[in-house]
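J.:
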Amino acid sequence: MKDFLKYTLATVLGLVVAGIIFTIIGIVSLAGMLASSDKETVVKDNSIFVLDLKGAVTERCTPNPLEQFMGSEYSTCGLDDILSSIRKAKENDKIKGIYLNAGMLACSPASLEEIRNALLDFKTSKKFIVAYGGNYTQGTYYLASVADKVVVNPSGTIAWHGLAAQSMFLKETLEKLGIEMQIFRVGTYKSAVEPFIATEMSPANREQTQAYLNSIWEQMLKDISTSRNISVDSLNALADTNMDFQPAEVYIKNGMADTLMYKDGVLAYLKTLTECEEDDDLNTLSLQDMINVKRNVPKDKSGNIIAVYYAYGEIDGGGGYSSEEGINSEKVIKDLRKLREDENVKAVVFRVNSPGGSAFGSEQIWREITLLRQEKPVVVSMGDYAASGGYYISCNADWIVAEPTTLTGSIGIFGMIPNAGKLMNDKLGLHFDVVKTNKLADIGDLSRPMNEDEKALVQNMVNQGYELFTKRCAEGRKMAVDSLKMIAEGRVWTGSMAKDLKLVDQLGGLDDAIDEAVKRAKITEYSLLNYPEKENFLSTLLKTKKDGYISSSMKENFGDYYNGFTFLKNLKDADRLQARMPFILSIN
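In this note's numbering, the protein residues as written are 16 to 603.
(1) Just to check my reading of the structure: Y114 and G505 have Cβ atoms closer than 8 Å, yes? What is that Cβ distance to the nearest angstrom?
(2) Could you tell me the alpha carbon to alpha carbon distance between T299 and A412, rounded to whole angstroms?
(3) Check the C-beta distance from V166 over to D273 and give it rounded, since I have them as a contact under 8 Å.
(4) When you compare each of P464, T139, L134, N168 to A159 by their alpha carbons, which one comes out closest?
(5) DSSP on G510, reduced to helix/strand/coil?
(6) Determine whether the beta carbon atoms of I63 and G112 lie at a separation below 7 Å.
(7) In angstroms, rounded to a whole number, what distance separates the CA positions of A326 and R352?
(8) Label G444 either buried or exposed according to how many other C-beta atoms from any shown protein chain fall within 10 Å of its C-beta, with 16 as the threshold for buried.
(9) Please state whether the Cβ-Cβ distance between T423 and A322 is less than 7 Å.
(10) So the beta strand (DSSP E) K111 belongs to, where does it begin and stop?
(11) Return the CA-CA distance between K141 and N107, expressed in angstroms with no decimal places.
(12) Going straight from the alpha carbon of I380 to that of L228, what length do you get?
(13) List the endpoints of the continuous alpha helix (DSSP H) containing G154.
(14) Relative to the C-alpha of I320, which residue among I602, R102, A536 is closest?
(15) Count the other C-beta atoms from every protein chain shown that fall within 10 angstroms of the C-beta of D399, then say buried if there are 16 or more, exposed otherwise.
(16) Given the structure, does E190 come close to the ligand GTP, in the sense that its CB is under 6 Å from one of the ligand's heavy atoms?
(17) Taking the runs of the alpha helix (DSSP H) that are 4 residues or longer, which of them lie wholly in the segment 250-325?
(18) Per DSSP, C92 is paired with what?
(19) Tell me whether R616 is buried or exposed, calling it buried when 16 or more other Cβ atoms sit within 10 Å of its Cβ.
(20) From K105 to V145, what distance separates their C-alpha atoms?
(21) Run through DSSP, which three-state label would L499 get?
(22) At 4 residues or longer, and completely inside the segment 340-394: list those alpha helix (DSSP H) runs for me, N to C.
(23) Touch check for the segment 190-208 and the segment 416-434: three-plus C-beta pairs under 8 Å?
(24) Report buried or exposed for I602, applying the criterion of at least 16 other Cβ atoms within 10 angstroms of its Cβ.
(25) Would you call the segment 402-419 in contact with the segment 477-492, where contact means no fewer than 3 C-beta pairs closer than 8 Å?
(26) Please classify D448: does DSSP put it in a helix, a strand, or coil?
(27) Could you tell me which residues DSSP pairs with T172 in its beta bridges?
(28) On the DSSP bridge list, what partners appear for G67?
(29) Measuring CB to CB, does Y151 end up less than 7 Å from I173?
(30) Tell me whether the beta-carbon of E390 lies closer than 7 Å to the beta-carbon of R366.
(31) Mind reading off the beta-carbon distance from K186 to F211? Whole number of angstroms is fine, and I expect it under 8 Å.
(32) So what's N220 in DSSP terms, helix, strand or just coil?
(33) Please list, in chain order, all residues of the same chain as P464 whose beta carbon is under 8 Å from its beta carbon, the five residues on each side excluded.
(34) Closest to Q593 by C-alpha separation, out of A71, E329, L288, would be which residue?
(35) Where does R595 land, buried or exposed, given buried means 16+ other C-beta within 10 angstroms?
(36) Between which two residues does the beta strand (DSSP E) carrying R200 extend?
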């Protein structure tokens, strides 16, 4: 017994000591992360900015502390950080060029276009861009095509096969589970509900999807044709043969790439470009390094502010479609009100990257934009998406700028109420009974189908929502409502198509929108400030929830199917009316 107590005490003591040691290590690690996250990067002479084209690109990115502690192969970076870093690399005389290291990159068309335009602007500095990849995706090749030299590994590939959009249909799966989706919508092209009521695309949805895919593909062909001096017809012919499975030598022969090299050969070539000795190490800067490089910009003394406000993600959680925070309408309204009341803010650039979400939340943000533009100019910059609710919150700006490949429009409304009666009654053996004081007191009860009176009531509400939506858009775009409705019906358009339809005013990126805001504010000197302010590492850590890390891991592993899981998880919290486009498109 004495030995047992002795060993038990020793074990407990060991666990306590180990816990203290691990706590100290954790504190030291956290202190190190905090110190390194804000430490200014010192740029050495003859440096190269290494832009790794891998992971996922989002509008803005705040690192998830749990991901950094636990480790994750799925890296995420912000479009704002990429664009800012390219601009700083152009301005810094110690940085001699950019090395594009191509990998698997998940990035939507408009973001790719904005990065590519930033790289083209970088080339005006006469600095070099070299691209290398073992396996280029179509998206990374689209970016790499601007390079002075496109290098492929002798065993590598360049994906070039055209675009495709695939939808997953859940109708039969839901039927097997005993769930029926009761759908209420306005808009022939409003296809967000199709996965729940069909097993294939409707003719209208197929028509609109083919149209905007063609528009995006034509833009990619035109851009690559200009950079690589290959005709559009030739690029299309190459895509028809599916270049993914061709030997590397073919890419040189057809002009898609310039040379074949292994990684060591590329590094040696970069040394010659920076006049670096063979035995010396290259001075390289990662994206994180570039984020912490300070810009040498004279301090503005005018006090004038051009505010860039970022609104991205689904509006109020998309009504059960996503577990991510996205656009919180109440927070956006509060922030925009502060910008409206701040006399130093001379104009606001409203950066919208949203497929939509809650119709109610969209209407509230529309109202605040209306009040804001009564005080100062409001210019919208559309990112990858400004569709459905994303267009709703954009339509009343003074000026709208979109990339040619932005997906926008989708002016339509739908509601969706599940009937899980068969699941509960037949499969789970659950039965319900109700006592009520009024005829429609239990409308929306999931345990039974809706009756005709209830359906008529909900459809009427959806119709009213559509009438309000189209009225807002018509007023904002100074069009007759009947004319607006002819291009509404829930149809998705690219930025190029929307420009022709007068749904947007100008094709371009965020910088073009800022230039327009400055012009409308009638000022020459100003400070450019981004809102809402990004959180630092410590505040993010304190706010991080464990399910946020779990959601991130699920997204990494399940990819495009992730939205299906989050829909089922958040269905109970769904807003009654949705203004949302059907799916997200990325180029791979």
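From the three backbone atoms N, C-alpha and C, an ideal C-beta is built for every residue, glycine too.
T.: According to the structure shown:
(1) Incorrect: roughly 44 Å between the Cβ atoms, too far for contact.
(2) When rounded, the distance between both Cα atoms is 42 Å.
(3) 7 Å
(4) Nearest to A159 by alpha-carbon distance, out of P464, T139, L134, N168, is L134.
(5) It is helical.
(6) With respect to the 7 Å criterion, I63 and G112 are classified as neighbours on the basis of their beta carbons.
(7) 14 Å
(8) exposed
(9) no
(10) 110-121
(11) 13 Å
(12) Answer to the nearest angstrom: the Cα atoms are 30 Å apart.
(13) 153-159
(14) By alpha-carbon distance to I320, the top candidate from I602, R102, A536 is A536.
(15) buried
(16) Of the ligands one can find in the structure shown there are none, so the ligand GTP has no counterpart to examine.
(17) Look at the segment 250-325 and you find these whole runs of alpha helix (DSSP H), each 4 residues long or longer: 263-268, 278-288, 302-306.
(18) Residue pairing by DSSP places C92 opposite V72 in a beta bridge.
(19) As shown, the chain starts at 16 and ends at 603. That puts residue 616 outside it, with no answer to give.
(20) 15 Å
(21) In the structure shown, L499 adopts helical secondary structure according to DSSP, grouped into three states.
(22) 344-356, 374-388
(23) Yes, since at least three Cβ pairs between the segment 190-208 and the segment 416-434 fall closer than 8 Å, the two stretches touch.
(24) So I602 ends up on the buried side.
(25) yes
(26) coil
(27) N150
(28) Looking at the sequence provided, one finds Asp at residue 67 rather than Gly. DSSP lists N116 as partners of D67.
(29) yes
(30) In this structure, R366 does not lie closer than 7 Å to E390 by Cβ.
(31) 6 Å
(32) In the three-state DSSP reduction, N220 falls in the helix class (H, G or I).
(33) E195, Q197, N434, G436
(34) E329
(35) The residue is buried, with at least 16 neighbouring Cβ atoms inside 10 Å.
(36) 195-201
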